Every structure is written in C-alpha cells, then in structure tokens.
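Asks:
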Amino acid sequence: MDLSTPQHPRSDSQSDTITVRRMSASDMDAACQVIGLAFADNPNSLVVAAGDRVKARRMTQTAVRAAKLGRSCSHVLVAEEGARLVGVLNAAEWPHCQLRPGEVFKTAPVILRALGWALTRQWKITRAWAKHDPRAPHWHLGPLGVHPACQGRGIGKALLGAFLTMVDDQGLPAYLETDVDRNVALYEKFGFRVIAQENLLGINNRFMWRAAAKWSTPTMTTLRC
Ligand SMILES: CC(C)(COP(=O)(O)OP(=O)(O)OC[C@H]1O[C@@H](n2cnc3c(N)ncnc32)[C@H](O)[C@@H]1OP(=O)(O)O)[C@@H](O)C(=O)NCCC(=O)NCCS
3 MDLSTPQHPR SDSQSDTITV RRMSASDMDA ACQVIGLAFA DNPNSLVVAA
53 GDRVKARRMT QTAVRAAKLG RSCSHVLVAE EGARLVGVLN AAEWPHCQLR
103 PGEVFKTAPV ILRALGWALT RQWKITRAWA KHDPRAPHWH LGPLGVHPAC
153 QGRGIGKALL GAFLTMVDDQ GLPAYLETDV DRNVALYEKF GFRVIAQENL
203 LGINNRFMWR AAAKWSTPTM TTLRC
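Note that the working numbering has the sequence shown beginning at 3, numbered continuously upward.
See below:
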C-alpha cells in the first residue's frame with residue numbers, strides 16, 4: 003500500500019467539524035489503522051522495522067491494539083471528522099503505565115507474530131522507556147496519532163487539549179515519551195518539559211513531564227478546521 007496516498011483526501015471546500023470523544027468498541031479497527039498510518043514514518047517504528055515503512059505500519063497497527071487501545075485500563079480519545087475517525091490519543095493512569103505480567107502473557111503471541119525478529123529491537127526501546135517511568139501518580143500519554151492526510155489542522159492539539167482538561171480536573175501530572183523534535187515543541191506548548199533523554203538504537207528519545215498545573219490549557223473539544 004502506498005502510504006503517501008491519503009485514504010481520506012480532503013477537498014479544498016471541506017471544513018467539517020472535528021469532535022473529540024471517548025473511543026467505543028466499534029472504533030477499534032479504525033483507531034488502530036490511524037495509529038498504524040500515523041506512525042509508519044516515526045523514527046522508532048522505522049528503526050524497529052529496519053527501515054521498512056509498510057512493516058512499521060503493520061506492526062504498529064497490530065501492537066497498538068494488543069498493548070495499548072485494547073487494555074481495560076486505557077483511556078482512549080478519538081477525533082472524528084464527520085463520520086471518519088482521524089485521530090487517536092491513548093493514555094493510562096499510573097501505576098498501569100506498563101503491561102502487567104498477565105497482560106504480557108496474553109498479548110505475547112500477537113506481538114510475536116506481528117514483530118517477528120523486530121521484537122528484539124522493540125524490546126530495547128520498551129525496556130528503556132519503562133526504566134524512565136516516573137514512580138509517582140500521573141497520567142501516561144501515548145500513542146497520539148493523526149491520520150497523515152489530516153495532520154497540521156489542529157486535530158492533535160484538540161485531542162491533547164481535551165485530555166489535559168481531564169488531567170487538570172483531576173489535579174494530576176502527565177508524562178510521555180517522544181522521538182520527534184517537532185513533537186517536543188508541540189508538547190512544550192502544552193506545558194510539558196523534557197526531564198530526560200536517551201539515545202536508543204540511534205534515535206534521541208525524549209521523556210517529558212507536565213506538572214499538575216493550575217494554568218488553563220488550550221481546551222478545544224470541538225473546533226472548525
Ligand atoms: C504529532 C501529531 C499527533 C500532531 O497532530 P496534528 O494534528 O498533526 O498537529 P496540530 O495541527 O494539532 O498541531 C500542529 C503542531 O504539531 C506539531 N507537529 C508534529 N508533527 C506534525 C505534522 N506531521 N504536521 C503538522 N504539525 C506537526 C507541530 O509542532 C505543529 O506546531 P506548529 O503548528 O506550531 O508548527 C501528528 O502530526 C502525528 O500523528 N504525527 C505522527 C505520529 C507522531 O509523531 N505522534 C506523536 C508521538 S509522540
């Protein structure tokens with residue numbers, strides 16, 4: 003599949019409202035697809051897939067269902083444009099940031115099948131990320147992805163704004179990992195700060211923390227674009 007071909011081309015006259023809401027079970031396939039497409043060019047995904055972006059998309063699409071969106075403790079938001087799902091934000095509340103042993107056991111066959119030998123590279127990243135996890139109450143964000151055809155139109159910010167409104171209502175800090183410089187700037191605008199970094203398989207991974215804040219976040223549960 004040519005990933006450069008948008009699955010949801012947007013005509014110039016199109017200006018549907020973007021709505022952010024909790025994910026329902028029937029959204030799961032579309033949500034995993036969006037995350038797979040969004041992360042096909044992500045540095046970590048590409049290094050794990052040895053530079054094969056089709057494999058990176060497939061692996062991510064399968065793994066995100068088993069290890070993230072499908073978890074009972076996950077808090078998943080989706081952004082919709084009309085009837086189309088265009089963005090996804092996943093988060094877990096500490097201490098559920100990492101898979102529990104039972105979840106590892108349950109998801110291992112799926113992950114193994116999806117990643118094959120790439121699992122050794124993914125494991126290095128997963129293990130390093132886990133070591134950085136703050137051992138204090140917080141919301142752990144990730145992944146956040148927007149369909150490539152819809153990026154740069156405020157959808158990621160809408161998802162982040164909605165999520166951080168909930169986080170602020172609960173008076174909790176938030177935490178995330180990122181491997182993209184441009185994303186660091188985006189998260190900084192929402193109050194996250196880099197607290198650590200580590201070179202993993204040649205990629206500079208940043209670990210970002212947002213203190214429980216009183217300041218008002220750019221809240222956008224719906225917007226025009
Ligand atoms: C990062 C991402 C979620 C941002 O969502 P978005 O809807 O494209 O971004 P928005 O339009 O809401 O906000 C734009 C900001 O996002 C950042 N950004 C990161 N990647 C971007 C992209 N591919 N296109 C446009 N903006 C991007 C920029 O900082 C931009 O700020 P600017 O407008 O001041 O230049 C989205 O681009 C994406 O899915 N990227 C690929 C997957 C990924 O890297 N996810 C995050 C992992 S930590």
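Don't be surprised by glycine CBs; every beta carbon is placed ideally from N, CA and C. These figures come from a predicted structure and were not determined experimentally.
Taking the DSSP output, what are the residues bridged to V78?
Replies: N92
Asks: For a test of the three-state rule: what should DSSP assign to V22, helix, strand or coil?
Replies: strand
Asks: Starting from I205, follow its DSSP beta bridges and name the residues at the other end.
Replies: L202
Asks: Just tell me which of W141, G156, A151, D183 has its CA closest to the CA of D170.
Replies: Nearest C-alpha to D170 among W141, G156, A151, D183: W141.
Asks: Could you check what DSSP says for A213 in three-state terms: helix, strand or coil?
Replies: coil
Asks: Taking DSSP as the reference, what is the three-state secondary structure of A132?
Replies: helix
Asks: Taking 7 Å as the cut-off, does the CB of L188 come closer than this to any heavy atom belonging to ligand 1?
Replies: yes
Asks: Just the Cα atoms here: how many angstroms apart are A160 and V22?
Replies: 7 Å
Asks: Count the other CB atoms, across all protein chains shown, that sit within 10 Å of the CB of Q172; report buried if there are 16 or more and exposed otherwise.
Replies: Only exposed fits Q172, as fewer than 16 other CB atoms lie within 10 angstroms of its CB.
Asks: Count the other C-beta atoms from every protein chain shown that fall within 10 angstroms of the C-beta of E83, then say buried if there are 16 or more, exposed otherwise.
Replies: Buried, because 16 or more other Cβ atoms sit within 10 Å of the Cβ of E83.
Asks: Between the alpha carbons of P45 and V56, how many angstroms are there, rounded?
Replies: 14 Å
Asks: Do you know offhand how far N185's Cα is from T128's?
Replies: Rounded to whole angstroms, the separation of the alpha carbons of T128 and N185 is 19 Å.
Asks: Measure the alpha-carbon distance for M210 versus A94 and round it to whole angstroms.
Replies: 15 Å
Asks: State the DSSP-derived secondary structure class of R73, mapped to helix, strand or coil.
Replies: coil
Asks: Determine whether the beta carbon atoms of A68 and V112 lie at a separation below 8 Å.
Replies: Against a cut-off of 8 Å, the Cβ pair of V112 and A68 comes out as a contact.
Asks: DSSP beta-bridge partners for G147?
Replies: V90
Asks: Report the residue from I197, S47, T19, A27 whose alpha carbon sits nearest the alpha carbon of G147.
Replies: S47
Asks: Below 8 Å between beta carbons: does that hold for G72 and A81?
Replies: no
Asks: Between F165 and ligand 1, is there a pair consisting of the residue's CB and a ligand heavy atom that are separated by less than 7 Å?
Replies: Outside the cutoff, so no.
Asks: To the nearest angstrom, how far is it from the Cα of M61 to the Cα of W131?
Replies: If I take the Cα positions, the gap works out to 18 Å.
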